[in-house]
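**Q** Dropping a structure here in structure tokens format, bear with me for questions.
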Amino acid sequence: MAEAGLPSPAADAAMAARLFALDPTGCGVLLRARPGPARDAWLALLRRLWPEDRPLRRVPVGIPDSRLLGGLDLAATLAAGRAVAERGVLAECDGGAIILAMAERLEPGTAARIARAIDEGEVVLERDGLARRLPARFGVVALDEGLAEEEVVPRALADRLAIHLALDETVLPMRLEETDLDAARALLPRLRADERAIAALVSAALALGIDTLRAPLHALAVARAAAALAGRGAPGADDIALAARLVLAPRATRLPAPPQTPQNEDAEEAPPPPEADAATENDPRPLEDLVLEAARAAIPPDLLAKLDPGLRLQRGVRSLGRFGTGQKSRRRGRPSGVRPGALRPGERLALVETIRAAAPWQRLRRAEGPFALAAPRVIVRREDIRLVRFRAPTERTAIFAVDASGSTALARLAEAKGAVEILLSDCYVRRDTVALIAFRGRSAEIVLPPTNALARARRALAGLPGGGGTPLAAALELVGTLAAQVARRGRTPIAVLLTDGRANVARDGTPGRPRAEADALAAARQLRAQGLAAILIDTAPRPQPSAQRIAAEMGARYLALPYADAARLSRAVRAEMEASP
Amino acid sequence: MPDDAIPRRSGASVVARRRPTRRPPFPFTAIVGQEEMKRALLIAAVDPSVGGVLAFGDRGTGKSTAVRALAALLPPMTVVQGCPYNCAPEEPAGLCPACAHGSEPQVVSVPVPVVDLPLGATEDRVLGALDIERALAEGVKAFEPGLLARAHRGFLYIDEVNLLEDHLVDVLLDVAASGENVVEREGISVRHPARFVLVGSGNPEEGELRPQLLDRFGLSVEVRTPEDVATRIEVVKRRDAYERDPAGFAASWAREETRLRRQIVSARNRLGKVAVPDAALDRAARLCLALGTDGLRGELTLMRAARALAAFEGESAVADRHLRTLAPSALRHRLRRNPLDETASTTRVERALAEVFGG
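For the protein sequence lines, the chains are Z and R, in the order given.
Heads up: the first sequence begins at 13 in our numbering, then just goes up one per residue.
Heads up: the second sequence begins at 2 in our numbering, then just goes up one per residue.
Structural data, given as structure tokens:
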């Protein structure tokens with residue numbers, strides 16, 4: 013099929029199903045698709061191919077560790093009066109495969125445990141007083157329904173899945189070629205690694221900017237499985253090209269330089285002797301070019317959009333921030349696991365886990381007696397208490413840094429105060445908080461520490477004086493410090509800077525424009541490195557290049573709102589806060 | 002579906018029915034590149050008092066592989082037979098109560114434990130807890146030792162250490178600081194020695210490590226994917242060869258493994274004899290001063306690591322070369338963060354090195 017030009021996405025998708033059915037541990041699949049006919053068709057294809065004697069189980073996203081890894085079998089333990097272990101899904105699927113539904117919502121901890129089992133080929137259980145190792149060699153199909161950029165399958169898992177497949181309705185109808193799995197399975201272990209294939213895949217991965225060495229290893233496994241399916245004794249050019257399309261292209265972080273350019277230059281200087289083409293049989297380059305060519309053709313069209321370096325840096329750092337901020341809160345949010353502890357007001361009892369903790373001790377406690385009344389049915393003691401732990405949704409803190417210097421007219425300050433008040437009343441509802449930094453004269457100070465108390469904010473704002481120099485560097489530094497504090501407390505900071513950007517006081521408080529500006533730019537770069545989401549609102553009557561430069565260095569959005577009143581200001585900030593992750 | 006019950010208290014974990022023999026780990030000596038990480042692990046193997054190794058960096062660079070390979074490499078140690086805490090017969094002071102009061106102990110040789118702390122581990126398995134089986138069957142309040150007991154005198158390995166639950170981190174910090182595990186729960190009261198080398202690995206992109214835990218690690222190494230094609234090809238080739246035939250691959254590296262093991266043993270024997278000249282102490286102190294590291298832990302770790310490296314290389318005294326080699330690993334995670342200095346901590350250490358050692 014590859015001989016007839018570009019293979020269709022449908023053929024590749026069907027091929028992925030065949031590869032997975034043949035070698036589930038080597039050819040794991042990350043299937044990025046909305047629930048719909050295309051995904052259903054692919055899964056139906058896989059089930060048709062799947063050997064009946066091997067488990068293929070769907071695993072729900074919120075699976076607790078007790079079911080994933082195994083643990084104490086509650087009912088059997090109570091009935092037997094001794095601890096009875098229960099195998100988890102991973103061990104039960106040894107020799108088969110699991111289908112992870114909604115993998116983009118997978119907890120990083122759960123993903124790490126699955127990844128560990130993939131690496132080791134066994135499940136190491138250290139739970140509920142049990143210690144054991146169980147074999148678990150399974151394949152994984154991770155269904156990724158993530159729509160937004162930040163909804164992605166945890167990398168610990170995605171990295172270990174060879175094939176990254178994106179499906180939409182264009183792949184329909186999917187046709188299945190004749191597949192003799194038994195023959196291919198017999199052939200697979202005998203396939204030798206080809207040095208040229210390895211070299212080609214490794215260099216292609218490098219050219220595509222793929223850091224992890226798991227990628228070429230995955231590609232090798234896929235190429236080998238493809239060769240086995242075709243009944244070939246070693247991976248051929250088609251198999252390697254297929255592996256490049258399925259494994260390397262989706263992981264590309266940059267576009268390789270087109271191969272024609274150097275050749276053309278050569279041609280201009282001295283036409284290559286005709287023998288050169290014939291000699292390429294033994295040269296590794298053509299294979300590598302072929303791999304690259306295949307990968308380039310399969311690189312998703314939106315890749316270029318994602319490759320703006322500034323954007324990538326920010327996204328990477330930001331997602332880190334988001335990760336750090338999704339913290340465990342005592343009372344609100346999504347339940348995420350349980351912990352032992354005392355039952356205090358405001359805590360929520362995890363009933364099942366508590367009974368589970370108490371269960372093994374029942375016989376013992378009954379014997380320990382004596383009971384004043386009839387013995388209760390289940391004797392629960394304080395140490396059995398298990399509490400629900402929650403993961404709170406990310407809460408934001410808007411840090412306003414307001415230029416209160418003489419260059420910003422006092423009227424602007426009033427508008428800024430108004431905007432903060434409006435936002436605050438809105439934030440209060442959403443449980444977000446606001447902080448305010450004012451800078452004037454020689455330094456910056458926190459006028460209002462992060463709060464959602466409206467009354468307190470109003471008081472702080474009312475007493476805010478204006479006039480003096482513009483110590484922009486000091487202000488930016490303070491924003492950074494406060495943002496880091498906010499992030500540590502599990503919130504996502506977003507900086508809102510209201511200034512005309514005309515710094516004239518250096519970081520150490522001395523006046524002088526050139527040093528002040530250099531310091532401000534350095535501080536702005538630092539904020540960018542911190543990955544802080546930021547907006548700079550230019551408050552000057554006419555847009556200032558100095559403000560634009562600061563915004564660019566910070567990686568901040570630049571908004572010129574010369575005549576903004578409090579309401580427009582707050583709308584702009586709110587829009588940005590909604591947009592930030 | 003209930004599986005077969007666990008057998009009564011045994012150190013060894015249950016062997017499942019269908020399981021074939023475990024495949025040998027990837028040989029330590031077959032790991033391509035990653036010199037800094039390998040060196041740090043070997044130093045911890047020579048002198049456990051260095052205080053653990055943190056390997057942070059890119060995915061798929063063999064962090065876990067290296068740690069697990071270390072287990073196979075380490076020479077066996079002697080323990081009191083049947084002691085759940087791996088008591089050392091040659092150290093009567095550090096014996097657990099059972100071994101201290103028992104008769105003349107039987108001594109056996111066992112592999113050095115490298116205990117994995119899986120992310121899903123519950124507190125009772127880490128600390129130890131009441132032995133359910135014996136409690137139910139015999140009505141005896143017996144203590145079933147946890148992972149910390151098993152890791153005593155060995156290694157405790159935490160993959161994705163930055164994702165570890167907070168309450169487990171607290172437990173680890175406490176035990177790592179005191180060298181002793183104190184269990185007060187379910188009506189039992191046990192204390193036992195738990196001195197282990199903490200080895201953590203993880204990817205900083207997925208979460209920060211708590212500063213207190215970061216400080217516990219003696220050496221911290223940064224792991225990067227190799228940049229040049231030839232090295233990459235070699236990595237993939239070896240990994241591929243191993244995946245296809247683990248036993249055969251391990252056998253082909255057996256000779257190198259034995260050689261390295263001998264080198265570790267002789268380094269351990271030599272360790273006490275390695276001299277630390279005053280000049281070296283002075284340089285280490287000046288280096289830490291130049292970097293403004295917190296406390297004395299940095300200097301102490303740097304000295305110990307340098308001594309272990311000197312022993313490993315068969316030298317009789319610590320030289321500048323050893324300090325220079327190890328300064329980044331020993332100090333880079335102890336620097337105070339300076340909000341206006343964007344330079345990476347490794348660069349800062351190198352700058353200070355140039356200052357102190359001159360060029």
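All C-beta atoms in this analysis are idealised placements derived from N, C-alpha and C, irrespective of residue type, glycine included.
(1) Determine the DSSP secondary structure at Ala-450 of chain Z, reduced to helix, strand or coil.
(2) Please name the residue, chosen from Z:Cys-105, Z:Ala-92, Z:Gly-107 and Z:Ala-88, that lies closest to Glu-98 of chain Z on a Cα-to-Cα basis.
(3) Report the CB separation of His-230 of chain Z from Leu-42 of chain Z in whole angstroms; it is logged as a contact under 8 angstroms.
(4) I'd like to check one pair, Leu-509 of chain Z with Ile-547 of chain Z: are the Cβ atoms closer than 8 angstroms?
(5) Verify whether the separation of the beta carbon atoms of Trp-254 of chain R and Thr-66 of chain R is less than 8 angstroms.
(6) Secondary structure at Asp-415 of chain Z, three-state DSSP: helix, strand or coil?
(7) Identify the continuous alpha helix (DSSP H) that holds His-168 of chain R and give its terminal residues.
(8) Hey, Glu-116 of chain Z and Val-152 of chain Z: beta-carbon distance below 8 angstroms or not?
(9) So the candidates are R:Pro-85, R:Arg-211, R:Leu-75 and R:Arg-192; which of them puts its Cα closest to the Cα of Gly-365 of chain R?
(10) In the DSSP assignment, find the unbroken alpha helix (DSSP H) run with Arg-192 of chain R in it and report its ends.
(11) Looking at the strands, I want to know which residues DSSP matches up with Leu-42 of chain Z.
(12) Rounded to whole angstroms, what is the Cα-Cα separation between Gly-40 of chain Z and Met-114 of chain Z?
(13) Could you check whether the region 239-255 of chain R touches the region 76-87 of chain R, counting it as contact only if at least three pairs of C-beta atoms, one from each stretch, sit closer than 8 angstroms?
(14) Met-114 of chain Z by DSSP, collapsed to three states: which one?
(15) Go ahead and pull the three-state DSSP assignment for Leu-184 of chain Z.
(16) How would you list, in chain order, the residues of chain C whose beta-carbon sits under 7 angstroms from the beta-carbon of Ile-234 of chain R?
(17) Using a Cβ-Cβ cut-off of 6 angstroms (strictly less than) and excluding sequence neighbours within five positions of Arg-271 of chain R, which residues of its own chain qualify?
(18) Verify whether the separation of the beta carbon atoms of Leu-361 of chain Z and Leu-399 of chain Z is less than 8 angstroms.
(19) Would you identify the three-state DSSP class for Arg-327 of chain Z, choosing helix, strand or coil?
(20) Are the CB atoms of Ala-45 of chain Z and Ala-186 of chain Z within a distance shorter than 8 angstroms?
(21) Answer yes or no: do Ser-317 of chain R and Phe-57 of chain R have a C-beta to C-beta separation smaller than 8 angstroms?
(22) Quick one: what's got a C-beta closer than 6 angstroms to Cys-289 of chain R's C-beta in the same chain, skipping five residues either side?
(23) So which residues of chain R does Ala-256 of chain Z contact, with C-beta pairs closer than 9 angstroms?
(24) So, are the CB atoms of Gly-63 of chain R and Val-198 of chain R less than 8 angstroms apart?
(25) Return the chain-ordered list of same chain residues with a C-beta closer than 6 angstroms to the C-beta of Pro-296 of chain Z, the five sequence neighbours on each side being excluded.
(26) Between the region 45-61 of chain R and chain Z, which residues of the former have CB atoms less than 9 angstroms from a CB of the latter, in chain order?
(27) Along chain R, which residues have their Cβ under 7 angstroms away from the Cβ of Arg-351 of chain Z?
(28) Just list the residues that DSSP pairs Met-78 of chain R with in beta bridges.
(29) Do we get a CB-CB distance below 8 angstroms when we pair Leu-120 of chain R with the residues of chain Z?
(30) Going residue by residue through the region 54-98 of chain Z, where are the continuous beta strand (DSSP E) segments of at least 3 residues, counting only ones entirely within it?
(31) With 7 angstroms as the limit, tell me which residues of the region 217-243 of chain Z have their beta carbon closer than that to any beta carbon of chain R; keep them in chain order.
(32) Any idea which residues DSSP pairs Asp-160 of chain R with across the strands?
(33) May I ask you to report which of helix, strand or coil DSSP gives Tyr-243 of chain R?
(34) So Asp-171 of chain Z contacts chain R; which residues on that side make the cut at Cβ distance below 8 angstroms?
(35) Whose C-alpha, out of Z:Asp-156, Z:Ala-474, Z:Ala-371 and Z:Arg-375, is nearest the C-alpha of Ile-170 of chain Z?
(36) Please state whether the Cβ-Cβ distance between Arg-217 of chain R and His-153 of chain R is less than 8 angstroms.
**A** So, from the listed chains and residues:
(1) In the first sequence, residue 450 of chain Z corresponds to position 438, counting from 1. Ala-450 of chain Z falls in the strand class under three-state DSSP.
(2) Walking along the first sequence from the start, residue 98 of chain Z turns up at place 86. Closest option to Glu-98 of chain Z, Cα to Cα, is Z:Ala-88.
(3) As a working note, residue 230 of chain Z is residue 218 in the first sequence. As a working note, residue 42 of chain Z is residue 30 in the first sequence. The pair is not a contact, with the Cβ atoms about 11 angstroms apart (cut-off 8 angstroms).
(4) Numbered from 1 along the first sequence, position 535 holds the residue referred to as residue 547 of chain Z. Numbered from 1 along the first sequence, position 497 holds the residue referred to as residue 509 of chain Z. Cβ distance < 8 angstroms, so Ile-547 of chain Z and Leu-509 of chain Z count as in contact.
(5) Within the second sequence, the letter at position 253 stands for residue 254 of chain R. Within the second sequence, the letter at position 65 stands for residue 66 of chain R. No, the pair does not count as a contact, with Cβ atoms beyond the cut-off.
(6) As a working mapping, residue 415 of chain Z is identified with position 403 in the first sequence. Of the three classes helix, strand and coil, the one that applies to Asp-415 of chain Z here is strand, per DSSP.
(7) Locating residue 168 of chain R in the second sequence gives position 167, where the first residue counts as 1. Looking at the DSSP string, the run of the alpha helix (DSSP H) that includes His-168 of chain R is 167-179.
(8) Taking the first residue of the first sequence as position 1, residue 116 of chain Z is located at position 104. Taking the first residue of the first sequence as position 1, residue 152 of chain Z is located at position 140. No, the Cβ-Cβ distance between Glu-116 of chain Z and Val-152 of chain Z is not below 8 angstroms.
(9) The displayed coordinates of chain R run from 2 to 360. Any statement about residue 365 of chain R would go beyond what the structure contains.
(10) As a first step, residue 192 of chain R must be located in the second sequence, where it is residue number 191. Careful: Arg-192 of chain R lies outside any alpha helix (DSSP H), inside the beta strand (DSSP E) at 189-194.
(11) Taking the first residue of the first sequence as 1, we reach residue 42 of chain Z at position 30. Leu-42 of chain Z pairs with Z:Ala-154 and Z:His-176.
(12) Position 28 of the first sequence, counting from 1, holds the residue named residue 40 of chain Z. Position 102 of the first sequence, counting from 1, holds the residue named residue 114 of chain Z. Near 16 angstroms, if we compare the C-alpha coordinates of Met-114 of chain Z and Gly-40 of chain Z.
(13) no
(14) Counting from 1 along the first sequence, the entry for residue 114 of chain Z is found at position 102. In this structure, Met-114 of chain Z counts as coil in the three-state DSSP scheme.
(15) For the purposes of this step, residue 184 of chain Z is taken as residue 172 along the first sequence, with counting starting at 1. Coil.
(16) As a matter of chain content, chain C is missing from the structure shown, whose protein chains are Z and R.
(17) Numbered from its first residue, the second sequence carries residue 271 of chain R at position 270. So the qualifying residues of the chain are Ala-312.
(18) The sequence position of residue 361 of chain Z within the first sequence is 349, counting from 1. The sequence position of residue 399 of chain Z within the first sequence is 387, counting from 1. In this structure, Leu-399 of chain Z lies closer than 8 angstroms to Leu-361 of chain Z by Cβ.
(19) For the purposes of this step, residue 327 of chain Z is taken as residue 315 along the first sequence, with counting starting at 1. Confidence is the limiting factor: at Arg-327 of chain Z the pLDDT is only 32, short of 50, which leaves the residue's position unreliable, though a coordinate-based value still follows. In the structure shown, Arg-327 of chain Z sits in a helix (DSSP, three-state: H, G or I).
(20) One-based indexing of the first sequence puts residue 186 of chain Z at position 174. One-based indexing of the first sequence puts residue 45 of chain Z at position 33. A quick correction: the sequence has Met, not Ala, at residue 186 of chain Z. In this structure, Ala-45 of chain Z does not lie closer than 8 angstroms to Met-186 of chain Z by Cβ.
(21) Here the question's residue 317 of chain R lines up with position 316 in the second sequence. Here the question's residue 57 of chain R lines up with position 56 in the second sequence. The answer is no: Cβ separation not under 8 angstroms.
(22) Working through the second sequence from its first residue, we reach residue 289 of chain R at position 288. Gly-299 and Glu-300.
(23) Numbered from 1 along the first sequence, position 244 holds the residue referred to as residue 256 of chain Z. Under the 9 angstroms cutoff, chain R gives no residues; its nearest Cβ is about 14 angstroms from Ala-256 of chain Z.
(24) Locating residue 63 of chain R in the second sequence gives position 62, where the first residue counts as 1. Locating residue 198 of chain R in the second sequence gives position 197, where the first residue counts as 1. Going by C-beta atoms, Gly-63 of chain R is not nearer than 8 angstroms to Val-198 of chain R.
(25) For this step, residue 296 of chain Z is matched to residue 284 along the first sequence. Any reading at Pro-296 of chain Z needs caution, since the residue's pLDDT is 49, under 50, leaving its predicted position unreliable; the model's value is listed next. So the qualifying residues of the chain are Arg-208 and Ala-211.
(26) Asp-59, Arg-60 and Gly-61
(27) Within the first sequence, the letter at position 339 stands for residue 351 of chain Z. Simply His-168.
(28) Along the second sequence, read from residue 1 onward, the residue named residue 78 of chain R stands at position 77. In DSSP, Met-78 of chain R forms a bridge with R:Val-111.
(29) In the second sequence, the residue the question calls residue 120 of chain R occupies position 119. Yes - at least one Cβ of chain Z is within 8 angstroms of the one on Leu-120 of chain R.
(30) 68-71 and 82-84
(31) Leu-218, Asp-223, Thr-224, Leu-225, Arg-226, Pro-228, Leu-229 and Leu-232
(32) For the purposes of this step, residue 160 of chain R is identified with residue 159 of the second sequence, where counting begins at 1. According to DSSP, which records beta bridges pairwise, Asp-160 of chain R is partnered with R:Ser-202.
(33) Within the second sequence, residue 243 of chain R is the residue found at index 242, counting from 1. The answer is helix: DSSP assigns Tyr-243 of chain R an H, G or I state.
(34) As a working mapping, residue 171 of chain Z is identified with position 159 in the first sequence. Neighbours of Asp-171 of chain Z on chain R, chain order: Arg-60 and Gly-61.
(35) Numbered from 1 along the first sequence, position 158 holds the residue referred to as residue 170 of chain Z. It is worth fixing the name first, because residue 170 of chain Z is Ala in this sequence and not Ile. Here the closest residue by C-alpha is Z:Asp-156.
(36) Residue mapping note: residue 217 of chain R aligns to position 216 of the second sequence, counting from 1. Residue mapping note: residue 153 of chain R aligns to position 152 of the second sequence, counting from 1. Against a cut-off of 8 angstroms, the Cβ pair of His-153 of chain R and Arg-217 of chain R comes out as no contact.
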